[in-house]
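Residue numbers (full-length UniProt numbering): 1 to 381.
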Amino acid sequence: MMEKYEIQKLRELPIEKVAKEMGMKVEHHKALCPFHDDHHASLTFNKTKNSCRCYVCMRSSIGTIDLAMRYLGKDFPAACRWLAGEHQIQLEDDWKKKDASASSSLHGSSAGGSHSGDDSGGSSSAKSSFDASRYARFFEHPWLNQAARRFLFEERKIDWRVVNWCRLTSWTDKKGINWLQIPYFDTDGRLIGIQNRNLDYKKKKSSSGGCCSEENVSSAGNLSSEEKCFSEGNVSSEEKSPGEEKEQDAPRFRFPYGARCSIYNLPVVKRLKPGERLFITEGCSDCWAMLSAGHKAIAIPSATLLKPEDKQLLVDIGRHYQVEFHMFPDQDVPGESLFMQLREMLPQLVHHQLPPGCKDFSEYYLLGAAAPSGSKEPKNK
Numbered sequence: 001m002m003e004k005y006e007i008q009k010l011r012e013l014p015i016e017k018v019a020k021e022m023g024m025k026v027e028h029h030k031a032l033c034p035f036h037d038d039h040h041a042s043l044t045f046n047k048t049k050n051s052c053r054c055y056v057c058m059r060s061s062i063g064t065i066d067l068a069m070r071y072l073g074k075d076f077p078a079a080c081r082w083l084a085g086e087h088q089i090q091l092e093d094d095w096k097k098k099d100a101s102a103s104s105s106l107h108g109s110s111a112g113g114s115h116s117g118d119d120s121g122g123s124s125s126a127k128s129s130f131d132a133s134r135y136a137r138f139f140e141h142p143w144l145n146q147a148a149r150r151f152l153f154e155e156r157k158i159d160w161r162v163v164n165w166c167r168l169t170s171w172t173d174k175k176g177i178n179w180l181q182i183p184y185f186d187t188d189g190r191l192i193g194i195q196n197r198n199l200d201y202k203k204k205k206s207s208s209g210g211c212c213s214e215e216n217v218s219s220a221g222n223l224s225s226e227e228k229c230f231s232e233g234n235v236s237s238e239e240k241s242p243g244e245e246k247e248q249d250a251p252r253f254r255f256p257y258g259a260r261c262s263i264y265n266l267p268v269v270k271r272l273k274p275g276e277r278l279f280i281t282e283g284c285s286d287c288w289a290m291l292s293a294g295h296k297a298i299a300i301p302s303a304t305l306l307k308p309e310d311k312q313l314l315v316d317i318g319r320h321y322q323v324e325f326h327m328f329p330d331q332d333v334p335g336e337s338l339f340m341q342l343r344e345m346l347p348q349l350v351h352h353q354l355p356p357g358c359k360d361f362s363e364y365y366l367l368g369a370a371a372p373s374g375s376k377e378p379k380n381k
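Structure, rendered in structure tokens:
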């Protein structure tokens with residue numbers, strides 16, 4: 001167990017320096033928030049309090065350790081060790097943890113995803129891993145409530161066959177908030193992550209004048225056990241007033257503890273033939289639209305959330321399956337920047353230009369130009 005003075009020493013590390021070491025570009029005490037698809041530098045750093053906060057997707061400020069935990073996907077002890085290593089801070093029990101890691105890993109894995117703030121024994125990989133067995137049953141018989149049907153079939157015009165293929169399901173929490181549950185599978189169809197999308201969320205202007213992004217706000221939640229055990233535990237659950245909680249406090253996206261949502265719709269890869277086109281989209285919504293338009297597609301999280309392992313996976317897919325990558329970049333600077341990032345690894349990536357007035361492929365699809373026939377919700381559903 002780490003000593004309190006060691007933890008305090010890590011908390012006193014300059015937070016802007018920590019952010020830069022993790023790859024963030026901090027200018028004028030602001031940076032693009034890595035926890036949602038940020039276009040307006042919403043993450044603000046407070047040097048006096050040595051904390052940071054995104055006023056779009058965070059309900060409270062976080063310090064150096066919490067920032068490392070969220071950005072690196074590590075549990076509390078692992079984040080502390082990473083910070084200590086980066087700043088040459090020697091922890092007294094480092095050598096003990098190395099000796100005990102092998103024997104304690106079995107105990108850590110049996111805990112089934114304990115709270116990230118727990119700094120008891122156990123390896124970081126075991127404690128931070130996603131326990132798919134707890135959630136797999138939710139996708140055996142997917143069910144869509146009225147809010148989910150309205151969103152998918154009326155607003156987004158998604159083909160019902162795509163909804164079935166992606167095994168989208170829905171649920172309503174005890175506060176009456178409707179959530180669309182989006183499973184992530186590996187190429188063999190094994191559940192590896194879950195994204196919960198708030199269907200009652202209403203866009204708010206950020207402090208810098210922009211709107212909260214469409215895709216992939218990685219925000220912690222503290223849902224109760226009856227709400228399918230989605231808990232990360234660092235967000236207050238105090239209710240303010242009916243409706244206010246739904247529109248303001250509930251985040252746009254929630255993830256179960258330990259889940260890492262990287263590339264979406266990987267099972268489609270095994271259906272590819274050599275030389276076949278595979279579209280890369282930004283976010284699940286564009287992927288559903290692309291699939292509904294009759295194309296094979298995968299989705300990456302966003303321009304700000306693309307990790308090195310995701311990039312390597314794309315390279316491996318291209319090499320092993322010999323596919324032809326195509327992309328409709330979003331009509332903004334991050335979208336074009338993302339395309340250029342991908343083209344560095346995938347030189348044959350084909351660029352498709354969206355028509356004027358369409359900021360992403362979902363909007364283009366809704367125009368009807370890309371939508372095939374037979375995409376409506378079946379009557380008996």
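C-beta: ideal position from N, C-alpha, C; glycine also.
None of the values given here were measured: they were computed from a predicted structure.
(request) Could you tell me which residues DSSP pairs with Trp171 in its beta bridges? (result) Within the sequence shown, numbered from 1, the residue matching residue 171 stands at position 171. BP columns for Trp171 point to Trp179.
(request) Could you pull the start and end residues of the alpha helix (DSSP H) that Asn164 belongs to? (result) Here residue 164 corresponds to residue number 164 of the sequence shown, with the count starting at 1. From DSSP, the alpha helix (DSSP H) with Asn164 extends over 160 to 166.
(message) For the alpha helix (DSSP H) containing residue 384, name the first residue and the last one.
(response) With the chain running from 1 to 381 in the structure shown, residue 384 is simply not present.
(message) Buried or exposed, going by whether 16 or more other CB atoms sit within 10 Å of the CB of Glu27?
(response) Locating residue 27 in the sequence shown gives position 27, counting from the first residue. The residue in question, Glu27, is exposed, as its Cβ has fewer than 16 Cβ neighbours within 10 Å.
(message) Just to confirm my understanding: we take Ser129, look at its own chain, exclude 5 residues before and 5 after, and list those with CB closer than 6 Å. What are they?
(response) By one-based count along the sequence shown, residue 129 stands at place 129. Correct list, in chain order: Gly258.
(request) In angstroms with no decimal places, state the Cα-to-Cα distance between Ile158 and Ser302. (result) As a position in the sequence shown, residue 158 is number 158, starting the count at 1. As a position in the sequence shown, residue 302 is number 302, starting the count at 1. For Ile158 and Ser302, the distance between alpha carbons rounds to 21 Å.
(request) Compute the distance between the beta-carbons of Ile15 and Cys52, then report whether it is under 8 Å. (result) By one-based count along the sequence shown, residue 15 stands at place 15. By one-based count along the sequence shown, residue 52 stands at place 52. Contact: yes.
(request) Starting from Met290, trace the alpha helix (DSSP H) both ways and give me its first and last residue. (result) On the sequence shown, residue 290 is found 290 positions in, with the first residue counted as 1. Residues 284 to 292.
(request) Examine the Cβ distances between the stretch 258 to 271 and the stretch 309 to 323 and report whether three or more of them are shorter than 8 Å. (result) yes
(request) For the alpha helix (DSSP H) containing His320, list its first residue and its last residue. (result) Start at 1 with the first residue of the sequence shown, and residue 320 comes out as number 320. His320 -> alpha helix (DSSP H) spans 308 to 321.
(request) For Arg277, count neighbouring Cβ atoms within 10 angstroms of its own Cβ and tell me buried if that reaches 16, exposed if not. (result) Reading the sequence shown from its first residue, position 277 is the one you call residue 277. The residue in question, Arg277, is exposed, as its Cβ has fewer than 16 Cβ neighbours within 10 Å.
(request) Give the DSSP bridge partners of Met327, in chain order. (result) Numbered from 1 along the sequence shown, position 327 holds the residue referred to as residue 327. Beta-bridge pairing links Met327 to Ile280, His351.
(message) So if DSSP puts Leu191 in a beta bridge, which residue, or which two residues, is it bridged to?
(response) As a first step, residue 191 must be located in the sequence shown, where it is residue number 191. DSSP, once it has assigned bridges, lists Phe185 as partnering Leu191.
(message) Would Cys80 and Leu10 be called neighbours here (beta carbons separated by less than 8 Å)?
(response) The count along the sequence shown starts at 1 and reaches residue 80 at position 80. The count along the sequence shown starts at 1 and reaches residue 10 at position 10. Contact flag set, yes.
(message) Assess contact between the stretch 288 to 297 and the stretch 339 to 350, defined as three or more Cβ pairs (one per stretch) separated by less than 8 Å. Is contact present?
(response) no
(request) Using 10 angstroms around the beta-carbon of Asn198, count the other beta-carbons present and answer buried if the total reaches 16, otherwise exposed. (result) The residue labelled residue 198 in the question sits at position 198 within the sequence shown. The residue in question, Asn198, is buried, as its Cβ has 16 or more Cβ neighbours within 10 Å.
(request) Put Lys20 into one of helix, strand or coil per three-state DSSP. (result) On the sequence shown, residue 20 is found 20 positions in, with the first residue counted as 1. Helix, per DSSP.
(request) Give, in chain order, every unbroken run of the beta strand (DSSP E) that is at least 3 residues long and sits entirely within the UniProt domain "Zinc finger CHC2-type" (29 to 84). (result) 43 to 46, 51 to 54
(message) Tell me which residue opens and which closes the beta strand (DSSP E) that Ile298 is part of.
(response) Stepping through the sequence shown from its first residue, residue 298 is reached at position 298. Residues 297 to 300.
(request) Report whether the distance from the Cβ of Ala147 to the nearest heavy atom of the ligand PLP is below 7 Å. (result) The ligand content of the structure shown is nil, which means the ligand PLP is not present either.
(message) According to DSSP, simplified to helix, strand and coil, what is Arg11?
(response) Counting from 1 along the sequence shown, the entry for residue 11 is found at position 11. It is helical.
(request) Can you tell me which of the three DSSP states Tyr201 falls into? (result) Working through the sequence shown from its first residue, we reach residue 201 at position 201. Note: Tyr201 maps to coil in three-state DSSP.
(message) Taking the alpha-carbon of Tyr71 as reference, which of Pro34, Ala41, Lys47 has the nearest alpha-carbon?
(response) Within the sequence shown, numbered from 1, the residue matching residue 71 stands at position 71. Ranking Pro34, Ala41, Lys47 by Cα distance to Tyr71 puts Pro34 first.
(message) What does the alpha-carbon distance come out to for the pair Gly275 and Pro347?
(response) Position 275 of the sequence shown, counting from 1, holds the residue named residue 275. Position 347 of the sequence shown, counting from 1, holds the residue named residue 347. Whole-angstrom Cα-Cα distance: 15 Å.
(request) Measure the Cβ-Cβ separation of Leu272 and Tyr321 and say whether it is below 8 Å. (result) Here residue 272 refers to the residue found at position 272 when the sequence shown is read from its first residue. Here residue 321 refers to the residue found at position 321 when the sequence shown is read from its first residue. Their beta carbons are under 8 Å apart, which means Leu272 touches Tyr321 by this criterion.
(request) Check each candidate in Gln88, Ile62, Trp171, Ala78 and name the one with the smallest Cα separation from Ile182. (result) The residue given as residue 182 occupies position 182 in the sequence shown. Of the candidates Gln88, Ile62, Trp171, Ala78, the one whose C-alpha sits nearest the C-alpha of Ile182 is Trp171.
(request) Could you spell out the range, first to last residue, of the alpha helix (DSSP H) harbouring Leu366? (result) For this step, residue 366 is matched to residue 366 along the sequence shown. From DSSP, the alpha helix (DSSP H) with Leu366 extends over 361 to 366.
(message) Using only the alpha-carbon positions, how far apart do His39 and Trp165 sit?
(response) As a working note, residue 39 is residue 39 in the sequence shown. As a working note, residue 165 is residue 165 in the sequence shown. Taking the straight line joining both Cα atoms gives about 31 Å.
(message) Suppose contacts are defined by Cβ-Cβ distances below 8 Å. Is residue 397 in contact with Phe185 by that definition?
(response) Nothing about residue 397 can be reported from this structure: the residues present for the chain run from 1 to 381 only.
(request) Just mark Pro356 as buried or exposed, buried being the case when its beta carbon has 16 or more other beta carbons within 10 Å. (result) For this step, residue 356 is matched to residue 356 along the sequence shown. Classification for Pro356: exposed.
(request) Using 10 angstroms around the beta-carbon of Asp188, count the other beta-carbons present and answer buried if the total reaches 16, otherwise exposed. (result) Counting from one through the sequence shown, the residue named residue 188 turns up at place 188. It is exposed - the Cβ of Asp188 has fewer than 16 other Cβ atoms within 10 Å.
(request) Look at the Cβ atom of His29, then the Cβ atom of Thr44, and state whether they are nearer than 8 Å. (result) Taking the sequence shown and counting its residues from 1, one reaches residue 29 at position 29. Taking the sequence shown and counting its residues from 1, one reaches residue 44 at position 44. Yes.
(request) Rank Met58, Arg252, Gln88 by C-alpha distance to the C-alpha of Gln195 and give the top, closest one. (result) As a working note, residue 195 is residue 195 in the sequence shown. Checking every option, the nearest Cα to that of Gln195 belongs to Arg252.
(request) Along the alpha helix (DSSP H) that carries Gln88, what are the first and last residues, could you check? (result) As a working note, residue 88 is residue 88 in the sequence shown. Per DSSP, Gln88 belongs to no alpha helix (DSSP H) and is neither H nor E.
(message) Just to confirm the assignment, what range does the alpha helix (DSSP H) spanning Ala148 have?
(response) Walking along the sequence shown from the start, residue 148 turns up at place 148. 146 to 149 is the span of the alpha helix (DSSP H), which, as asked, contains Ala148.
(request) Could you check the C-alpha separation between Lys379 and Val162 for me, to the nearest Å? (result) Translated into the one-based positions of the sequence shown, residue 379 becomes position 379. Translated into the one-based positions of the sequence shown, residue 162 becomes position 162. Confidence in Lys379 is poor, its pLDDT being 46 and thus under 50, which makes the residue's placement unreliable; the coordinate value appears in the next sentence. Whole-angstrom Cα-Cα distance: 16 Å.
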